[in-house]
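What follows is a set of notes on a single structure, which appears directly below.
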Amino acid sequence: MTPRPFSIIYTTFNEADVIERSLASVEGWSDDLQIVDSFSTDGTAELLAGRPDVRLVQRPYSGPSDQKNWAIARARHEWILLLDADELVTPELREEVDALRSVPDLQDAYWIRRTNFFMGRRIRYSGWRNDRVVRFFHRDRARYNDRQVHEEIEVAGLRVGQLNGRLEHYTFKNLDHFLDKTRRYARWKAADAADRTPRINLFHLLVKPGFRFFNQYVLKGGFLDGREGLVICYVLAYGVFLRYAYLLAERRNLRA
């Protein structure tokens, strides 16, 4: 059969320093490469506007799931590969997707594993060992949930397969970026946790961060990733502390 056409989607904000590398990994692959930009201020939109292979749209940002679902509904083709600007498609994954496009009966969506890099080093443990995401899926069957942090395709009721090829994920540009993202995610997670956390106590501020560090660094082998693993596990534990510290501060401010 003729290989199915498919769309490639990115959502971006201030990705000028990484987006071209990701685009190079999918160059010439799809006739519908859509990028939804949230009014970047670093020149991302200007950079992309000069590319004839990109269909650029700018749209205000209200959340990651809303932005992605909006783009999914406007894809020209039924099948979609959705990527982040800090992800690279490996040649093995590209070949596997091409082969899949000629299979008569596909699943509704497919998990893709990611190889993560931090501070110039591949991270094999630290809770990232089994990192995988649903990124190749049918436009009319898959949508993202409404989480503000770590949004995912809802797989309940879907037939979901697993691909062997991987994405390379350069998740944090530097330590400042990691810390900034941790703070931002902590604020968003505080909002998500508000309804199910009536009181904040030492369990939330001390035990939960401590267990997160122990889980990531010891149980999930963060110590095997050396100094980089220690940094990752410590910052992730700090993010748990911040989540409840932000929630506590917000509630105190409302009472003042």
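Each residue of the sequence shown is one higher than the one before, counting from 1 in UniProt numbering.
Just so you know, even glycine gets a beta-carbon here, dropped at the ideal spot from N, CA and C.
Predicted model only: the values in this text are computed from it and were never measured.
So residue 48 and residue 112 are supposed to be a Cβ contact under 8 Å. How far apart are they, rounded? Going by Cβ atoms, the distance from residue 48 to residue 112 rounds to 24 Å, so no, they are not a contact pair.
_Check whether the region 241 to 252 and the region 175 to 194 are in contact - that is, three or more C-beta pairs closer than 8 Å._
By the criterion of at least three beta-carbon pairs nearer than 8 Å, the region 241 to 252 is in contact with the region 175 to 194.
Just curious, the alpha helix (DSSP H) that residue 92 is in, first and last residue?
91 to 100
**Q.** residue 238 - DSSP class collapsed to helix/strand/coil
**A.** helix
- Task: Just the C-alpha distance for residue 12 and residue 225, rounded to the nearest angstrom, thanks.
- Result: 30 Å
- Query: Considering only residues of the same chain and omitting the five flanking positions on each side of residue 237, which have a CB-CB separation below 6 Å?
  - Reply: 209, 212 and 213
Quiz prompt | Euclidean distance between Cα positions of residue 168 and residue 88 | solution = Going from the Cα of residue 168 to the Cα of residue 88 covers about 5 Å.
Secondary structure of residue 114, DSSP reduced to three states: strand
| Straight-line CA distance for residue 147 to residue 65? | 7 Å
Taking Cβ to Cβ, would you say residue 54 is nearer than 8 Å to residue 83?
no
Counting along the chain, where does the alpha helix (DSSP H) carrying residue 67 start and finish?
64 to 73
Inset, instruction - Say yes only if the C-beta of residue 38 is nearer than 7 Å to one or more non-hydrogen atoms of the ligand COA, and no if none qualify. - result: Among the ligands in the structure shown, none appear at all, so the ligand COA cannot be discussed.
Note to self: Using C-beta distances below 7 Å, list every residue in its chain close to residue 248, excluding the 5 sequence neighbours before and after it, in chain order.
What the structure shows: Listed in chain order, the non-local C-beta contacts of residue 248 below 7 Å within the same chain comprise 200, local neighbours out to five positions each way being set aside.
*asked:* Taking the beta carbon of residue 28 as the centre, do at least 16 other beta carbons fall within 10 Å, making it buried, or is it exposed?
replied: exposed
Discussion item. What does the Cβ neighbour count give for residue 206, buried or exposed, with the cut at 16 atoms within 10 Å?
Written reply: With fewer than 16 Cβ atoms within 10 Å of its Cβ, residue 206 is classed as exposed.
* Asked: Pick from 59, 177, 202 and 50: whose alpha carbon is nearest that of residue 235?
  -> 177
*Is residue 2 buried or exposed, if buried means 16 or more other CB atoms sit within 10 Å of its CB?*
Under this definition residue 2 is an exposed residue.
Report task. Find the nearest neighbour of residue 157 within the set 151, 171, 142 and 52, judged by alpha-carbon distance. Result -> 142
- Look at the alpha carbon of residue 96 and the alpha carbon of residue 195, and state the distance between them as a whole number of angstroms. 43 Å
| task | Report the rounded CA-to-CA distance for residue 193 versus residue 204, giving the unit in angstroms. | result | One Cα belongs to residue 193, the other to residue 204, and the distance between them is close to 11 Å.
* Asked: Which residues mark the beginning and the end of the alpha helix (DSSP H) in which residue 46 is found?
  -> 44 to 49
Review point. Is DSSP giving residue 182 helix, strand or coil here?
Key: Assignment of residue 182 by DSSP, reduced to helix, strand and coil, places it in the helix class.
- Please work out which residues of its chain come closer than 6 Å, Cβ to Cβ, to residue 39, disregarding the five sequence neighbours upstream and downstream, and give them in chain order. Only 58 meet the Cβ criterion.
**Message:** Here's the rule I'm using: 16 or more other beta-carbon atoms within 10 Å means buried, otherwise exposed. How should residue 36 be labelled?
**Reply:** Answer is buried; the Cβ neighbour count reaches 16.
For the beta strand (DSSP E) that residue 123 lies in, which residues bound it at each end? DSSP places residue 123 inside the beta strand (DSSP E), whose first and last residues are 121 to 123.
One or two residues paired with residue 12 in a DSSP bridge
37
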